[in-house]
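Numbering (UniProt numbering), first residue to last: 2 to 192.
Below: the structure, in structure tokens.
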Ligand code: GLN
């Protein structure tokens, strides 16, 4: 069977667990290094990227997750996207630096800090309700990155090999097609 972890330090954790359980995967919450053992993939949830980074360092999980990601699929949502980016606009350095993407934090401005929008996501759905909460977006991507969704000229979902990411919260509706897409990635990667 397929076992997927959800980084459980901060943010929208339970909802990701429920979404992943709907795919038939076994799901584990990751708070310690040993929780990574036996996992086939990992979700990095939304929340606050700077807080999550601080907790990753504090719990000694930063390097182990970087190493895990070299050999397993990872899906980062919202703050998870920021953690996965190789470049964060206006910031000295990146965090996990897994994907060749350049991101802008809190990118949709104050008036529309949080909103919902129907999205076309390549390979996933053409009517996916994206929940954006103080969301980032991707300013530009490297040539190995496949753009999966664009909303008002802004890149809001992308894939690079075994890495998947989106700017919104796919766990906050009952539509779990994006989690199913990740489950399929994890299963294919394992085989
Ligand atoms: N604004 C948050 C950050 O910069 C991300 C928001 C979210 O994950 N919903 O980390």
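Don't be surprised by glycine CBs; every beta carbon is placed ideally from N, CA and C.
{"Check": "For the 8 Å Cβ check, are there 3 or more pairs between the stretch 45-53 and the stretch 142-162?", "Outcome": "no"}
{"Check": "Verify the contact flag: residue 48, CB atom, against every heavy atom of the ligand GLN, threshold strictly below 7 Å.", "Outcome": "yes"}
{"Check": "Check whether the stretch 86-101 touches the stretch 153-168, counting contact only when three or more Cβ pairs, one atom from each stretch, lie closer than 8 Å.", "Outcome": "yes"}
{"Check": "If we ignore side chains and look at the alpha-carbon of each, how far apart do residue 133 and residue 174 end up?", "Outcome": "12 Å"}
{"Check": "Identify the residues that DSSP records as bridge partners of residue 156: which are they?", "Outcome": "139, 151"}
{"Check": "Which same chain residues end up closer than 8 Å to residue 119 when comparing Cβ atoms and leaving out the 5 residues on each side of it in sequence?", "Outcome": "128, 129, 130, 131"}
{"Check": "Out of curiosity, what's the CA-to-CA distance linking residue 20 and residue 26?", "Outcome": "10 Å"}
{"Check": "What would DSSP say about residue 66, mapped onto helix, strand or coil?", "Outcome": "helix"}
{"Check": "Taking the Cβ atom as the reference point for each residue, do residue 66 and residue 137 lie within a distance shorter than 8 Å?", "Outcome": "no"}
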